[in-house]
Amino acid sequence: MAGKNLKWSKEAIRAEIRRLDGITGLRGSDVTVRLYEEREPLGCFTFKDPVRMTFGFSTTRFEEPGFTAAEALDIIRHEYAHFMEYRLFGESTDHGPNWKKCCIRIGARPENLYTSRWKEDARRQEKERARRTRVDGFQEGQTVRHPVFGEGCITAIEAGEKMTKLTIAFASGPRILDIDWVRKNCR
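Here this note's numbering is used: the first residue of the sequence shown is 118, the next is one more, and so on.
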């Protein structure tokens, strides 16, 4: 990998992990970050014990033309949620309910597979994020509590001419809700 101009260096990945540490109070930035050239998996979190933990990320995929920052950030957050689950619950499951709760808390998609729909959503979010950062007191990454679905994380804000829609990732799956309804019914 020497001599390559990496779009996502260990330092850039650690910067996002430090940001997540600020949300969780955990110390993911102390975990080893390994970059590898294999295309799969996109990312991984491994542990033998609390001292020997590693985040791994595919630089080959991160460097592909058209691979967006939103996609890379979600993969980093996905793996951080595995770390978070391990630190908080003493285990790291294959995308179980505790992992999904961790995802919601840090703004990652609580989904276990990278799909073309996921990729399209991530690219759409990237364009929207560039256009705006805050709408009507709501912001991407903000947590809200729905009266039925529980805690969720705002993953996208779509401001239209007549209404603004919030995409909120709940443990049961993403929902698109009208901002006025969320303002009146959610905390």
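Each residue gets a CB set at the ideal place from its N, CA and C atoms; glycine is no exception.
CA-CA distance, residue i and residue j?
{"i": "S289", "j": "C219", "result": "13 angstroms"}
{"i": "G267", "j": "C161", "result": "28 angstroms"}
{"i": "D147", "j": "I223", "result": "18 angstroms"}
{"i": "K165", "j": "F200", "result": "12 angstroms"}
{"i": "G269", "j": "H195", "result": "15 angstroms"}
{"i": "F184", "j": "N302", "result": "36 angstroms"}
{"i": "V261", "j": "R300", "result": "10 angstroms"}
{"i": "S112", "j": "T141", "result": "Residue numbering for the chain in the displayed model covers 118 to 304; residue 112 lies beyond these limits and cannot be assessed."}
{"i": "W298", "j": "E257", "result": "17 angstroms"}
{"i": "L152", "j": "I134", "result": "15 angstroms"}
{"i": "K279", "j": "P158", "result": "42 angstroms"}
Classify residue i as helix, strand or coil using the three-state DSSP reduction.
{"i": "L303", "result": "The sequence given here places Cys at residue 303; Leu does not occur at that position. Coil at C303, not helix or strand."}
{"i": "F200", "result": "helix"}
{"i": "R185", "result": "The sequence shown places Thr at residue 185, rather than the Arg named in the question. Coil."}
{"i": "L159", "result": "coil"}
{"i": "G173", "result": "strand"}
Whose C-beta lies closer than 6 angstroms to the C-beta of residue i among residues of the same chain, with five residues either side of it excluded?
{"i": "Q259", "result": "I271"}
{"i": "N229", "result": "H212"}
{"i": "T177", "result": "E154 and R156"}
{"i": "P291", "result": "T284"}
Within the continuous alpha helix (DSSP H) that includes residue i, where are the two ends?
{"i": "T176", "result": "T176 to F179"}
Starting from residue i, follow the beta strand (DSSP E) in both directions and report where the run begins and ends.
{"i": "K282", "result": "T281 to F287"}
{"i": "D211", "result": "Neither: D211 is in no beta strand (DSSP E) and is coded neither H nor E."}
{"i": "A132", "result": "Looking at the DSSP string, A132 is not in any beta strand (DSSP E); the run it does join, the alpha helix (DSSP H), is K127 to T141."}
{"i": "P291", "result": "G290 to D295"}
{"i": "E275", "result": "G267 to A276"}
{"i": "T150", "result": "It should be pointed out that residue 150 corresponds to Val in this sequence rather than to Thr. T149 to Y153 is the span of the beta strand (DSSP E), which, as asked, contains V150."}
For residue i, which residues in the same chain have their Cβ closer than 7 angstroms to its Cβ, ignoring the five residues on either side in sequence?
{"i": "P227", "result": "K217, C220, I221, A286 and A288"}
{"i": "H202", "result": "For the record, residue 202 in the displayed sequence is Glu; it is not His. Same-chain partners within the cutoff: E208, S209, T210, N215, W216 and C219."}
{"i": "F255", "result": "I271, I274, L283 and I296"}
{"i": "A198", "result": "W216, C219, C220, I223 and A225"}
Could you tell me whether any Cβ in chain D is nearer than 7 angstroms to the Cβ of residue i?
{"i": "T272", "result": "Among the chains of the structure shown, chain D does not appear; only one protein chain is present."}
Where DSSP assigns a beta bridge to residue i, which residues make up the other side?
{"i": "H263", "result": "G267"}
Only counting the same chain, and skipping five residues up and downstream in sequence, which positions put a Cβ closer than 8 angstroms to that of residue i?
{"i": "R131", "result": "S146 and V150"}
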